[in-house]
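Participant:
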Amino acid sequence: MKKLITTLQNIWKIKDLRERILFTLLILAVYRFGCFVVLPGVDAGKLAAATQSGGGGLLDLINAFSGGAFLGAAVFALGIMPYITASIIIQLLGFAVPYFQRLQQREGESGRKKITQITRWLTVAICLVQGSGYLTYLDSQGAIATAMENQKTLFYFANLIILTTGTVFAMWLGEKITDKGIGNGISLLIMVGIIATLPKNFLLNASTRLETNSVMLILFEIVIWLAIILASVMLVMAVRKIAVQYARRNASGGYEKNVFGSRQYIPLKLNASGVMPIIFAQALMFAPATIGSVFGTSSIGQWLQASFSDIFGLWYNILFGLLVVIFTFFYTAITVPTNKMSDDLKRSGGFVPGIRPGNETSEFLDSVMSLITFPGSLYLAVIAIFPAIVVQLIGMQQGWALFFGGTSLLIMVGVAIDTIQQVNAYLLKKHYDGLMKSGSMRSKPTI
Numbered sequence: 001m002k003k004l005i006t007t008l009q010n011i012w013k014i015k016d017l018r019e020r021i022l023f024t025l026l027i028l029a030v031y032r033f034g035c036f037v038v039l040p041g042v043d044a045g046k047l048a049a050a051t052q053s054g055g056g057g058l059l060d061l062i063n064a065f066s067g068g069a070f071l072g073a074a075v076f077a078l079g080i081m082p083y084i085t086a087s088i089i090i091q092l093l094g095f096a097v098p099y100f101q102r103l104q105q106r107e108g109e110s111g112r113k114k115i116t117q118i119t120r121w122l123t124v125a126i127c128l129v130q131g132s133g134y135l136t137y138l139d140s141q142g143a144i145a146t147a148m149e150n151q152k153t154l155f156y157f158a159n160l161i162i163l164t165t166g167t168v169f170a171m172w173l174g175e176k177i178t179d180k181g182i183g184n185g186i187s188l189l190i191m192v193g194i195i196a197t198l199p200k201n202f203l204l205n206a207s208t209r210l211e212t213n214s215v216m217l218i219l220f221e222i223v224i225w226l227a228i229i230l231a232s233v234m235l236v237m238a239v240r241k242i243a244v245q246y247a248r249r250n251a252s253g254g255y256e257k258n259v260f261g262s263r264q265y266i267p268l269k270l271n272a273s274g275v276m277p278i279i280f281a282q283a284l285m286f287a288p289a290t291i292g293s294v295f296g297t298s299s300i301g302q303w304l305q306a307s308f309s310d311i312f313g314l315w316y317n318i319l320f321g322l323l324v325v326i327f328t329f330f331y332t333a334i335t336v337p338t339n340k341m342s343d344d345l346k347r348s349g350g351f352v353p354g355i356r357p358g359n360e361t362s363e364f365l366d367s368v369m370s371l372i373t374f375p376g377s378l379y380l381a382v383i384a385i386f387p388a389i390v391v392q393l394i395g396m397q398q399g400w401a402l403f404f405g406g407t408s409l410l411i412m413v414g415v416a417i418d419t420i421q422q423v424n425a426y427l428l429k430k431h432y433d434g435l436m437k438s439g440s441m442r443s444k445p446t447i
């Protein structure tokens with residue numbers, strides 16, 4: 001504890017870092033305030049009833065990403081997810097459409113600005129679609145105020161603009177955190193939204209356990225939660241190091257034969273795809289129930305709707321886990337350029353010991369990547385379906401179970417690790433130890 005206090009004092013001593021942290025906290029406070037401002041024309045009493053009857057399962061998952069604003073009908077109800085969806089679409093287009101490939105790879109800064117502009121406009125389009133669906137959901141739950149019953153056109157039009165503006169404003173807040181805060185503003189907004197719903201869901205689950213005198217079960221669940229967090233940290237940080245040897249340059253700029261320079265490594269991540277496979281898989285998990293609704297009241301239609309509407313059900317999670325494994329291989333294959341890595345090594349005079357530069361190096365890196373991706377994909381699939389496991393095995397409350405795996409947990413772990421690394425970079429720049437070490441001042445080297 002003393003080391004932690006000393007480290008926090010060191011953080012406060014660095015003016016630039018202190019100002020960035022305070023600015024970040026201010027922006028996050030503004031974002032959280034917007035999550036409690038209810039849309040005009042929504043009745044608070046009817047909204048509470050709709051929230052109690054409409055929560056659980058998929059709605060709890062969506063609500064977690066918006067920081068509780070979704071079931072609260074707030075101006076930030078759509079959260080930052082439309083922007084994330086637009087970014088994913090643009091990223092995938094960059095692998096398939098030559099125009100976007102040219103923008104990403106060849107046109108430098110101007111290309112990146114163009115991509116940013118396209119992403120923002122696509123975000124607005126997605127907001128209009130999702131906002132219309134969300135307002136229809138509020139209408140179906142009877143959450144519209146009585147005074148607005150005869151003016152639904154005005155209700156839809158005004159709130160659609162407000163929801164779209166809320167998402168665009170949240171996107172702007174995230175960009176400001178990235179520019180003037182501690183970085184990764186969009187990810188921080190998502191993480192803060194997820195963490196905001198954690199205490200409520202924990203207390204709901206704890207109250208249920210206390211009603212059945214299951215105090216020890218609460219402690220057991222906390223231990224499991226800490227263990228799965230540790231497992232997620234290991235998944236995020238695990239790498240396979242591929243040794244690389246560089247030939248030493250001579251005075252004329254060439255490479256000396258049989259004389260070798262420093263030994264370095266290529267870090268291949270066990271989970272190079274991050275949370276993207278889970279996001280892709282969840283997007284496709286809407287399809288079975290939708291197909292089932294097409295078949296209507298037939299036996300296959302009823303089975304599809306019953307089996308794939310419950311995100312904690314057996315068949316849902318079997319298919320979900322399988323899709324996570326498949327998308328892990330797919331996303332890793334398109335985001336880890338082993339050919340480019342091999343070419344870069346060859347141009348810089350580097351090589352993997354025992355492997356010829358060029359195609360053999362590329363094939364070697366690709367085979368190693370495939371070997372480590374398989375256990376990584378299984379690991380990721382287990383974490384993705386772990387909420388359903390704890391719900392089925394120990395009867396955990398569904399909202400609290402969502403923090404035991406899936407996208408929520410991996411986002412929290414990934415953003416927390418990245419934020420710590422950002423703060424460590426500032427501390428080490430000023431000759432302080434990082435957050436994971438003591439906060440004492442490093443002695444300056446003598447000349």
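The sequence shown begins at 1 in our numbering and counts up one residue at a time. All C-beta atoms in this analysis are idealised placements derived from N, C-alpha and C, irrespective of residue type, glycine included. Treat the numbers as computed from the prediction; the structure is a model and nothing was measured.
Per DSSP, Val413 is paired with what?
Facilitator: In the sequence shown, the residue the question calls residue 413 occupies position 413. Per DSSP, none; premise fails for Val413.
Participant: When you compare each of Val325, Met412 and Asn63 to Asn201 by their alpha carbons, which one comes out closest?
Facilitator: On the sequence shown, position 201 is the one that residue 201 refers to. When only C-alpha atoms are compared, the closest one is Asn63.
Participant: According to the neighbour-count rule (16 or more other Cβ atoms, all chains shown, within 10 Å of its Cβ), is Ile222 buried or exposed?
Facilitator: As a working note, residue 222 is residue 222 in the sequence shown. Counting Cβ neighbours within 10 Å, Ile222 comes out exposed, since fewer than 16 surround it.
Participant: Give me, in chain order, the residues of the same chain whose beta-carbon lies closer than 7 Å to that of Ile291; leave out the 5 immediate sequence neighbours on both sides.
Facilitator: If you number the sequence shown from 1, residue 291 lands on position 291. Closer than 7 Å at the Cβ level, and outside the excluded window around Ile291, lie Leu304.
Participant: Who does Lys241 pair with in a DSSP beta bridge?
Facilitator: Within the sequence shown, residue 241 is the residue found at index 241, counting from 1. DSSP output for Lys241 lists Pro267 as bridge partner(s).
Participant: When you compare only the Cα positions, how much space is there between Ala287 and Asn317?
Facilitator: The residue given as residue 287 occupies position 287 in the sequence shown. The residue given as residue 317 occupies position 317 in the sequence shown. Going from the Cα of Ala287 to the Cα of Asn317 covers about 14 Å.
Participant: Helix, strand or coil for Ala77? Go by DSSP, reduced to three states.
Facilitator: Residue mapping note: residue 77 aligns to position 77 of the sequence shown, counting from 1. Reduced to three states, the DSSP call for Ala77 is coil.
Participant: Roughly how many angstroms separate the alpha carbons of Glu360 and Ile115, rounded to a whole number?
Facilitator: Indexing the sequence shown from 1 puts residue 360 at position 360. Indexing the sequence shown from 1 puts residue 115 at position 115. The alpha-carbon atoms of Glu360 and Ile115 are separated by roughly 35 Å.
Participant: Specify whether the region 327 to 336 and the region 266 to 275 touch according to this definition: at least 3 beta carbon pairs, one from each stretch, less than 8 Å apart.
Facilitator: yes
Participant: My guess is that Gly414 and Val236 are in contact by the Cβ rule of under 8 Å, so how many angstroms apart are they, rounded?
Facilitator: To locate residue 414, count along the sequence shown from 1; it is residue 414. To locate residue 236, count along the sequence shown from 1; it is residue 236. Contact flag correct, Cβ pair sits at about 5 Å.
Participant: Can you grab the Cα-Cα spacing for the pair Ala251 / Lys340, in whole Å?
Facilitator: Residue numbering aside, residue 251 sits at position 251 when the sequence shown is read from its first letter. Residue numbering aside, residue 340 sits at position 340 when the sequence shown is read from its first letter. Residue confidence is low: Ala251 scores 48 on pLDDT, short of 50, so the model does not pin down where it sits. Its coordinate-derived value is still stated next. Distance between the alpha carbons of Ala251 and Lys340: 28 Å.
Participant: What's the C-alpha gap between Met501 and Leu378?
Facilitator: No answer is possible for residue 501: the residues shown for the chain start at 1 and end at 447.
Participant: Would you call the region 186 to 199 and the region 143 to 153 in contact, with 3 or more CB pairs under 8 Å?
Facilitator: no
Participant: Alpha carbon to alpha carbon, what distance is there between Ala69 and Pro375?
Facilitator: Position 375 of the sequence shown, counting from 1, holds the residue named residue 375. Position 69 of the sequence shown, counting from 1, holds the residue named residue 69. Cα to Cα, Pro375 sits roughly 37 Å from Ala69.
Participant: Rounded to whole angstroms, what's the CA-CA distance from Leu323 to Ala231? Just pull it up for me.
Facilitator: Residue numbering aside, residue 323 sits at position 323 when the sequence shown is read from its first letter. Residue numbering aside, residue 231 sits at position 231 when the sequence shown is read from its first letter. Distance between the alpha carbons of Leu323 and Ala231: 21 Å.
Participant: Quick one: what's got a C-beta closer than 6 Å to Gly166's C-beta in the same chain, skipping five residues either side?
Facilitator: Taking the sequence shown and counting its residues from 1, the one referred to as residue 166 is at position 166. Contacts found: Val75 and Phe76.
Participant: Ser408 and Leu61 - do their beta-carbons sit closer together than 9 Å?
Facilitator: Within the sequence shown, residue 61 is the residue found at index 61, counting from 1. Within the sequence shown, residue 408 is the residue found at index 408, counting from 1. In this structure, Ser408 lies closer than 9 Å to Leu61 by Cβ.
Participant: Please classify Phe260: does DSSP put it in a helix, a strand, or coil?
Facilitator: If you number the sequence shown from 1, residue 260 lands on position 260. Here Phe260 scores only 46 on pLDDT, less than 50, and its place in the model should not be relied on; the value that follows carries that caveat. Annotated three-state conformation of Phe260 is strand, per DSSP.
Participant: Might you give, ordered along the chain, the residues of its own chain that have their beta carbon closer than 8 Å to the beta carbon of Ile334, omitting 5 neighbours on each side?
Facilitator: Translated into the one-based positions of the sequence shown, residue 334 becomes position 334. Correct list, in chain order: Phe95.
Participant: Can you check whether the CB of Val352 is closer than 9 Å to the CB of Leu365?
Facilitator: Here residue 365 refers to the residue found at position 365 when the sequence shown is read from its first residue. Here residue 352 refers to the residue found at position 352 when the sequence shown is read from its first residue. In this structure, Val352 lies closer than 9 Å to Leu365 by Cβ.
Participant: Which class does Val38 belong to by DSSP, given the choice of helix, strand or coil?
Facilitator: The residue you call residue 38 lines up with position 38 of the sequence shown. Note: Val38 maps to strand in three-state DSSP.
Participant: From which residue to which residue does the alpha helix (DSSP H) around Gly292 run?
Facilitator: Position 292 of the sequence shown, counted from the first residue, corresponds to residue 292. Counting along the chain, the alpha helix (DSSP H) containing Gly292 begins and ends at Phe286 to Phe295.
Participant: What is the C-beta distance between Ile190 and Leu39, in whole angstroms, given that I count them as a contact (C-beta under 8 Å)?
Facilitator: Locating residue 190 in the sequence shown gives position 190, counting from the first residue. Locating residue 39 in the sequence shown gives position 39, counting from the first residue. Incorrect: roughly 21 Å between the Cβ atoms, too far for contact.
Participant: Expressed to the nearest angstrom, what Euclidean distance is found between the alpha-carbon atoms of Tyr31 and Gly111?
Facilitator: Taking the sequence shown and counting its residues from 1, one reaches residue 31 at position 31. Taking the sequence shown and counting its residues from 1, one reaches residue 111 at position 111. Each residue's CA atom was taken as its position, placing Tyr31 and Gly111 some 30 Å apart.
Participant: Of all the options Phe169, Gln392 and Ile385, which has the alpha carbon lying nearest to the alpha carbon of Ile279?
Facilitator: Reading the sequence shown from its first residue, position 279 is the one you call residue 279. Measuring from the Cα of Ile279, the nearest candidate turns out to be Ile385.
Participant: Report buried or exposed for Lys269, applying the criterion of at least 16 other Cβ atoms within 10 angstroms of its Cβ.
Facilitator: Position 269 of the sequence shown holds residue 269. Looking at its Cβ environment, which holds 16 or more other Cβ atoms inside 10 Å, Lys269 is buried.
Participant: Compute the Euclidean distance between the alpha carbons of Phe295 and Ala283, then round it to the nearest angstrom.
Facilitator: On the sequence shown, position 295 is the one that residue 295 refers to. On the sequence shown, position 283 is the one that residue 283 refers to. Going from the Cα of Phe295 to the Cα of Ala283 covers about 21 Å.
Participant: Just verifying my parser: in three-state terms, what is the DSSP assignment at Ile144?
Facilitator: Position 144 of the sequence shown, counted from the start, is the residue given in the question as residue 144. Of the three classes helix, strand and coil, the one that applies to Ile144 here is strand, per DSSP.
Participant: Which residue wins for smallest C-alpha separation from Thr373, given the options Gly399, Gly350 and Ile326?
Facilitator: In the sequence shown, counting from the first residue as 1, residue 373 sits at position 373. The option with the nearest alpha carbon to Thr373 is Ile326.
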